[in-house]
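Mapping of the sequence shown onto the working numbering: residues 480 to 769, in sequence order.
Glycine included, every Cβ here is placed at the ideal spot set by N, Cα and C.
What follows is a short report on a single structure.
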Amino acid sequence: MKAREHKGEVWGYLSCASSFCHCKFKGGIGLSVAEKHSVKGTRENIFNSARVRHLVGLRLYRNRYIYLMILPVVVYFILLKYVPMWFLRSAFYDYKLLKGFDSKFVGWKNFERLLSNPNLMNYIGNTLKLNLTALVILFPMPMFFALMLNELRSAKFMKFVQTISYLPHFISLVVVCGMVKELLSTTGPINMLISSLGFEKIQFMSEPAWFDTVYIGSGIWQALGWGTILYLTAMTNIDMGLYEAAEIDGANRLQQIWNITIPAIMNTILVVFILNLAKVMNVFESVFVL
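As structure tokens, this is what we get:
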């Protein structure tokens, strides 16, 4: 109770100070120098008071487990997203791994070499083609898979299929690409099956015509199960009474999916589409490993 009273007093001080500033500026009248120092001193006194520090510490201690939960995420973004930005300046050096940033500074020379490359548009075109093709094919696949899982009547079989489909997501990309290479090699099981049927073996990993198919197929294998989680979660929030009413009106399963399920998860579909669209130029890792 005392903590709440102290908290109310502190926020009362803050609201009074902010209201004072707002009233003075609302009519276009600026604060005088003395008033500015007065308000600034009031705020400093409030935030430097032992009572406020005690309340802040109390709140941090009360929510300590929540902060511990978000700590790994914060560390992840700092170490793997923000710290590497410091090394972007290597683009302006003739960077040598052993010398580091003691390498020769070349300014815009690397960018000039890139922009003067006659194959630049070909590189950009191939990147866009891969990503747009993957976006058109990979984006709806988890939704269709989630709709099929949602129609299963056996809960045990549904959990089994979910578990099997989720597993590739937890495997490293390098391992997944290595497995794909082994499966599609000339001595792999797929080519052995083709050969046993009397057909000629296919060089999946060396013929350029097959690369897009291999790339998209490996992406579906790794991301299909994990991508269904959002859709299945959204489907659990649909009122079952809507399906019962539709069934009474004579709607079949396909009509129920089209008129109830898909409109109910439309917001989720848009969010997933925007997230996938944001990664439209990020294909380096999988292409490089394959």
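- Judged by DSSP in its simplified three-state form, SER644 adopts helix.
- If you check the CB distance, TYR722 and THR747 do not come in under 8 Å.
- Rounded to whole angstroms, VAL766 and TYR694 show a C-alpha spacing of 7 Å.
- If you ignore the 5 residues before and after VAL659, its C-beta comes within less than 6 Å of the C-beta of SER697, all in its own chain and listed in chain order.
- For the pair THR707 and PHE624, the CB atoms are nearer than the 8 Å cut-off.
- Sorting ASN670, THR642, ILE616 by C-alpha distance to the C-alpha of ASP691 places ILE616 at the top.
- Cα atoms of ALA713 and PRO551: separation of roughly 26 Å, rounded to the nearest angstrom.
- Straight-line measurement puts the Cα of ILE681 at about 13 Å from the Cα of GLU661.
- Under a 10 Å Cβ-count criterion, VAL655 is classified as buried, with 16 or more other Cβ atoms of the shown protein chains found around its own Cβ.
- Non-local C-beta neighbours of VAL653 in its own chain, meaning closer than 7 Å and more than five positions away in sequence, comprise VAL768, ordered along the chain.
- As the crow flies, the alpha-carbon of ALA529 is around 18 Å from that of ARG541.
- Nearest in C-alpha terms to GLU686, of all of ASP573, LEU534, LEU663, is LEU663.
- In the DSSP assignment, SER765 falls within the alpha helix (DSSP H) that extends over 763–768.
- The Cβ-Cβ distance between MET637 and LEU631 falls below 8 Å.
- By the criterion of at least three beta-carbon pairs nearer than 8 Å, the stretch 568–575 is in contact with the stretch 584–599.
- For SER582, the uninterrupted beta strand (DSSP E) segment begins and ends at 579–584.
- Residue state for LYS638 is assigned as helix, using DSSP reduced to three classes.
- Beta-bridge partners assigned by DSSP to ASP728: none are found.
- By the neighbour-count definition (other C-beta atoms within 10 Å, threshold 16), SER633 is an exposed residue.
- Going by beta carbons, LEU626 and THR715 fall outside the 8 Å limit.
- By the Cβ criterion, the stretch 667–683 is not in contact with the stretch 716–735, since fewer than three pairs of Cβ atoms, one from each stretch, lie closer than 8 Å.
- In the structure shown, LYS575 falls within a strand segment according to DSSP collapsed to helix, strand and coil.
- Cβ contact annotation for LEU559 (same chain, cutoff 7 Å, sequence separation greater than five): none.
- Scanning the stretch 683–716 from its first residue to its last, the whole alpha helix (DSSP H) runs of 4-plus residues come out as 690–714.
- C-alpha of ALA730 to C-alpha of GLN641: approximately 28 Å in a straight line.
- Non-local beta-carbon contacts of LEU609 in its own chain, meaning distances under 8 Å to residues more than five positions away in sequence, involve ASP691, TYR694, VAL762, VAL766 in chain order.
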